[in-house]
Amino acid sequence: MNINLITNSEVKTIEGEPGNFDVTLVNHPRYIDPVKCTGCGECARHCPVTAVNEYNLGLDDRRAAYIEYPQAVPLAFAIDTDTCVGCGLCEKMCIAKAISYDDEERETEVKVGSVILSSGSQGFDPSDLDYLGYGKYANVVTSEEFERILSASGPYFGHVMRPLDREEPKRIAWLQCVGSRDVNKTGNGYCSSVCCMYAVKEAMIAKEHIHGDLDCVVFNMDMRTFGKDYEKYYNRARYKDGVQFVKARIHTIIEIPETGDLIVKYADETGAMQEEVFSMVVLSVGLKIPDTSVELANRLGIKLNKYNFTATTPFTPVLTNRPGIYTCGVFQGPKDIPGSVTEASAAACLAGSDIAESRGKDIEKIEVPEEIDVMSQDPRIGVFVCNCGINIGGIVDVPDVQEYASKLPYVVFSDSNLFTCSQDTQDKIKEMIVEHKLNRLVVASCSPKTHEPMFMETLEACGINKYLFEMANIRNQNSWIHSNNPDIATQKAKDLVRMAVARSLTLKSLQEKVVPVNKQALVIGGGIAGMNASMGLANQGFNVFLVEKEAELGGFSRKLHHTIEGDDIRAYVEKLIGEVTANEKVQVLRDARIIGFEGFKGSFATEVAVGSQAEKQKIEHGVIIVATGATEYTPKEFLYGEDDRVVTQVQLTDRLEEKGASDLSSVVMIQCVGSRNEENENCSRICCQSAVKNALHIKKFNPDAQVYVLYRDIRTYGMLEDYYTEARKQGVIFIRFEKDTPPSVESSSEGILVTVEDHILKQNLEIRADLLTLSAGMTATDTDELSGIMKLNRSPEGFFIEAHVKLRPVDMPSEGVFLCGTAHGPKLISETISQAQAAASRAITFLAKDAIKLSAITAKVDTDHCVKCLTCVRSCPFGVPVFNEKEKVIEINEAICHGCGVCAGVCPRQAIQLSFYEDDQILSKIDALMEAV
Amino acid sequence: MAEKSGSVMVLGAGIAGMQASLDLANSDYNVYLVDKSPTIGGMMARLDKTFPTNDCAM
Chain A
1 MNINLITNSE VKTIEGEPGN FDVTLVNHPR YIDPVKCTGC GECARHCPVT AVNEYNLGLD
61 DRRAAYIEYP QAVPLAFAID TDTCVGCGLC EKMCIAKAIS YDDEERETEV KVGSVILSSG
121 SQGFDPSDLD YLGYGKYANV VTSEEFERIL SASGPYFGHV MRPLDREEPK RIAWLQCVGS
181 RDVNKTGNGY CSSVCCMYAV KEAMIAKEHI HGDLDCVVFN MDMRTFGKDY EKYYNRARYK
241 DGVQFVKARI HTIIEIPETG DLIVKYADET GAMQEEVFSM VVLSVGLKIP DTSVELANRL
301 GIKLNKYNFT ATTPFTPVLT NRPGIYTCGV FQGPKDIPGS VTEASAAACL AGSDIAESRG
361 KDIEKIEVPE EIDVMSQDPR IGVFVCNCGI NIGGIVDVPD VQEYASKLPY VVFSDSNLFT
421 CSQDTQDKIK EMIVEHKLNR LVVASCSPKT HEPMFMETLE ACGINKYLFE MANIRNQNSW
481 IHSNNPDIAT QKAKDLVRMA VARSLTLKSL QEKVVPVNKQ ALVIGGGIAG MNASMGLANQ
541 GFNVFLVEKE AELGGFSRKL HHTIEGDDIR AYVEKLIGEV TANEKVQVLR DARIIGFEGF
601 KGSFATEVAV GSQAEKQKIE HGVIIVATGA TEYTPKEFLY GEDDRVVTQV QLTDRLEEKG
661 ASDLSSVVMI QCVGSRNEEN ENCSRICCQS AVKNALHIKK FNPDAQVYVL YRDIRTYGML
721 EDYYTEARKQ GVIFIRFEKD TPPSVESSSE GILVTVEDHI LKQNLEIRAD LLTLSAGMTA
781 TDTDELSGIM KLNRSPEGFF IEAHVKLRPV DMPSEGVFLC GTAHGPKLIS ETISQAQAAA
841 SRAITFLAKD AIKLSAITAK VDTDHCVKCL TCVRSCPFGV PVFNEKEKVI EINEAICHGC
901 GVCAGVCPRQ AIQLSFYEDD QILSKIDALM EAV
Chain B
934 MAEKSGSVMV LGAGIAGMQA SLDLANSDYN VYLVDKSPTI GGMMARLDKT FPTNDCAM
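These protein sequence lines map, in sequence, to chains A and B. Quick note on numbering: my numbering labels position 448 of the first sequence as 448, and the sequence is numbered without any gaps. Convert by adding 933 to the 1-based position in the second sequence; the result is the number in my numbering.
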């Protein structure tokens with residue numbers, strides 16, 4: 001892979017200009033040569049020095065010669081010279097001669113075309129907040145420490161214990177917003193955006209680990225579960241798993257010295273003082289930019305905002321003030337993993353466009369060794385049994401399973417590993433394949449869904465066909481479910497391994513089809529997302545067909561005016577439309593509808609009806625970007641549509657732009673209209689900031705106007721929190737209500753009368769409003785027709801589904817299809833722009849290739865035995881099998897076959913076989929299972 | 934003007950830096966992925982599991 005890892009290094013200077021930067025790196029000494037080091041660990045085993053293990057946040061020890069964790073990349077040790085006593089033992093023990101005590105700090109020069117800053121964050125250090133007792137009371141830990149406590153590779157091997165006495169806690173409290181949303185004590189006015197979700201997760205996982213009784217209470221000001229489907233996760237924790245959520249900010253924690261328990265003192269919502277005792281307290285610490293990143297930014301002349309995140313603008317979310325240098329991840333602003341992954345792809349898109357003409361110039365192509373023909377050889381099977389840390393090894397008797405596997409027929413080698421998926425194990429597997437002339441590989445570990453491709457690559461690298469591989473899932477389907485019964489789990493692991501070995505004997509070498517990639521892209525939807533995606537592709541030299549169903553580009557953004565920061569959306573959209581239409585690589589098809597679709601990744605063909613005459617046009621393209629957008633929900637509640645003094649936030653913005661606010665003396669806003677309810681469980685993410693934006697707007701034009709925001713949780717995440725703080729300063733009144741006691745509204749000649757129960761006074765308040773504004777959520781654009789034609793998956797709410805929530809947030813499950821903007825879920829314009837650039841980046845990983853390999857797992861028809869009953873034609877969810885009228889046979893195009901196996905299953909004559917899952921291959925497993933019965 | 938470089942430098946090898954590097958590498962650019970610690974992975978490598986799938990963060 002053309003990624004050069006340079007560890008233990010920092011940037012000193014970057015000189016030059018986009019396309020040609022000279023970077024000076026400072027390479028700190030590691031004292032162990034990562035190239036020579038095999039990661040065997042002899043140095044650490046013999047090292048006499050004990051040092052604090054920073055990886056486990058000081059909860060346990062390591063040696064002075066150390067590696068952070070067993071799966072570390074690069075898999076090489078390092079010496080921490082702050083603690084090393086220089087005894088020389090490790091140098092004597094190291095067989096690889098990798099130790100060099102005289103390693104020195106060096107400087108190296110590297111030439112690059114662009115730079116991406118992704119230096120990330122660290123958890124806020126709560127040591128200075130006396131009232132929390134962190135550092136004083138052993139059982140007060142940070143959320144980062146608690147992650148390590150939960151982890152199988154952590155200090156307590158995944159058993160939830162408290163640090164003081166290693167007792168299992170009975171009650172755990174999470175304290176939200178430690179080092180976030182706190183200008184007074186910490187100066188951090190921003191919301192860290194991630195702590196609510198990780199607290200919910202930690203509480204649920206702690207409950208799962210402890211099995212029995214564990215009370216989990218999350219003390220919060222607002223629960224900010226604003227991400228796509230996050231509200232569902234929060235509700236699961238609350239209503240199904242019994243995690244309690246209490247609205248309070250803790251003011252004192254006191255330890256009970258005899259027990260180590262902690263008294264937590266707080267004022268509840270009515271103002272009454274409360275005390276509760278917990279066995280452990282977790283501080284949900286916020287994200288903070290480390291001093292080293294601030295120094296880096298200063299050295300490079302990169303501007304930061306007042307909280308030390310990179311200074312960016314809403315329309316250029318990954319641009320820094322220095323051309324050619326881009327920012328992403330938490331260094332850009334507080335965000336979660338999907339947000340970071342998305343933004344990283346966006347930065348990659350722009351970093352690539354600066355040097356698109358030099359693509360491929362600096363890389364070497366890796367050659368896969370020629371395949372060895374092993375089908376004529378006798379089977380020689382290697383079995384690798386994984387402990388998966390303690391996930392499998394803690395339940396299943398892994399040595400016993402390995403011993404059992406070694407005696408199965410044709411097994412010539414077996415081994416067990418702590419993590420069979422780690423890079424060092426791959427190298428070991430490769431060595432064993434060569435040494436023992438293995439021609440079949442069986443791994444007993446986790447799910448093939450996540451790990452099969454990696455093991456197949458390992459086989460390929462040894463010249464063995466990758467389909468000579470079989471996996472036994474002894475974790476997800478065994479140790480996780482039978483964790484209460486280790487004996488049965490061990491027996492089942494043996495059964496699964498025996499079945500896998502039996503099937504591996506029946507496997508055949510399969511050849512993958514290579515198809516050329518059409519280097520043009522189709523972008524569906526011409527809003528901010530679609531236009532940015534198009535520009536991202538065009539700027540890297542690829543042709544784009546941008547299909548817009550309306551007569552004009554711009555989408556929903558045409559209805560908007562300004563961002564909360566005050567930037568002019570309409571001016572931006574006009575400029576963007578100008579750029580898109582002027583770009584000769586982008587062909588815009590307005591008033592266009594998709595009417596036909598066929599093909600597969602790298603080679604799609606889409607039929608479009610364009611213009612009022614519905615003129616048909618066929619587009620051939622290699623990738624698809626879906627950017628169909630969303631709209632504002634049309635409320636059915638609160639007299640909307642019945643009384644014209646009831647408007648939505650978008651309508652209020654229009655009114656304020658047109659008429660100002662001088663005639664308004666009282667405005668009430670109701671949050672979560674059409675969101676977080678039975679019909680739409682999700683949070684619409686942006687409505688809280690819309691309310692705050694408009695409330696500030698009203699106050700600016702008419703400071704005497706009263707503005708009331710009736711809310712459930714205010715979710716002004718990240719830097720938006722500053723605007724929420726400002727709104728309160730300006731006198732905007734925020735009143736919380738519960739989901740079950742929503743406000744009621746009544747129309748009168750005086751205005752709209754809104755009644756809401758005040759949660760502090762526990763009394764009904766009646767507020768007269770000139771204007772009632774509903775913070776209507778976001779609903780997906782109607783894409784029934786489109787998703788039917790293109791077979792794209794959507795959630796029950798109508799938003800398109802990504803391939804993986806965390807790690808593939810802009811890829812769709814069908815390969816070569818990408819997703820961005822509000823078609824994916826509600827989001828801000830800045831987030832839409834970065835996701836659009838990300839989709840372009842992901843699409844370019846396809847378009848940059850001349851050809852792609854297709855899976856060999858496809859269905860094949862035995863035309864001699866087929867009776868043409870058409871059951872397969874009717875059953876295929878992808879419409880792949882067709883009846884060839886001329887030849888009078890059923891045909892399955894292997895290039896578009898998804899390999900799902902439905903046709904093979906339904907064929908009444910068993911005339912269809914799915915490669916890699918042929919009938920005898922599946923039956924061999926059943927036979928092997930029955931052997932033991 | 935000199936011919937442009939075909940390489941990109943990514944500073945910080947957490948989940949964001951790794952994703953940016955993978956995208957660029959798969960788009961045929963050469964990548965230098967720099968981290969000040971001896972190991973790549975950043976903060977995410979310290980997490981236990983991630984919601985909502987409870988996949989191992991490692």
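Virtual Cβ for every residue (Gly too), placed ideally from N, Cα, C. The model shown is predicted, which means the values in this text are computed figures rather than measured ones.
Looking at the backbone, the Cα of K428(A) and that of C40(A) are separated by about 12 Å.
With its beta carbon at least 7 Å from every one in chain B, N308(A) lies outside the interface.
In this structure G527(A) does not touch L546(A) by the C-beta definition: roughly 10 Å separates them, more than the 8 Å allowed. Taking 4 residues as the minimum length, the alpha helix (DSSP H) runs contained wholly in the region 347-410 of chain A are 398-406, in order along the chain. Classified as exposed, I926(A) has fewer than 16 neighbouring CB atoms from the shown chains inside 10 Å of its CB.
A straight-line Cα-Cα distance of about 9 Å links H697(A) and G660(A). Of the candidates P314(A), I912(A), V218(A), N518(A), P314(A) places its Cα closest to the Cα of G566(A).
Nearest CB-CB separation between I395(A) and chain B: not below the 7 Å threshold. If you draw a straight line from the Cα of L132(A) to the Cα of V281(A), it is about 9 Å long. About 7 Å separates the CB atoms of F331(A) and F309(A); that is less than 8 Å, so the two are in contact. For P516(A), the secondary structure class from DSSP, reduced to helix, strand or coil, is strand. Not one beta carbon of chain B lies nearer than 7 Å to the beta carbon of K601(A). Within chain B, no C-beta atom comes nearer than 9 Å to that of I366(A); the closest sits roughly 11 Å away.
Contacts with chain B at 7 Å (Cβ-Cβ) include I6(A). Within chain B, no residue has its beta carbon less than 9 Å from that of K925(A); the closest one is some 26 Å off.
Contacts between R30(A) and chain B, judged by CB atoms closer than 9 Å, involve P971 in chain order. Annotated three-state conformation of I528(A) is helix, per DSSP. Taking a cut-off of 8 Å for Cβ pairs, the region 138-147 of chain A and the region 249-263 of chain A touch, as three or more such pairs fall below it. Along the region 110-127 of chain A, going in chain order, the ones with a CB nearer than 9 Å to a CB of chain B are V110, K111, V112, G113, S114, V115, I116, L117, S118, S119, G120, S121, Q122, G123. In the three-state reduction of the DSSP assignment, C47(A) falls in the coil class. A direct Cα-Cα distance of roughly 41 Å separates G751(A) from K575(A). Pairing C196(A) with T225(A) gives a Cβ-Cβ distance under 7 Å. For C683(A), DSSP assigns no beta-bridge partner whatsoever. Here K739(A) is exposed. Its C-beta has fewer than 16 other C-beta atoms within 10 Å. Counting only residues of its own chain and dropping the five nearest sequence neighbours on each side, G555(A) has a CB closer than 6 Å to the CB of G527, G629. By the criterion of a C-beta distance shorter than 6 Å, A346(A) is surrounded in its chain by V318, S834, Q837, A838, once the five residues flanking it on both sides are discounted.
Judged by beta-carbon spacing, G113(A) lies beyond the 7 Å limit of G945(B), meaning their Cβ atoms are not closer than that value. For V281(A), the enclosing beta strand (DSSP E) stretches over residues 280-285. E679(A) and N235(A) do not touch by the CB rule: their CB atoms are close to 14 Å apart, not below 8 Å. Residue environment analysis places F916(A) among the buried positions, since at least 16 neighbouring C-beta atoms fall within 10 angstroms of its C-beta. For D103(A), no CB of chain B lies under 7 Å from its own CB, so it is not counted at the interface with that chain. Rounded to whole angstroms, the separation of the alpha carbons of V401(A) and T490(A) is 7 Å.
Chain B has a Cβ within less than 7 Å of the Cβ of G19(A). Unbroken beta strand (DSSP E) stretches of 3 residues or longer found wholly inside the region 693-739 of chain A: 706-711, 733-736, given in chain order. Excluding sequence positions up to five before and after H561(A), its CB lies within less than 7 Å of the CB of I569, R570, T653, E657, all in the same chain and listed in chain order.
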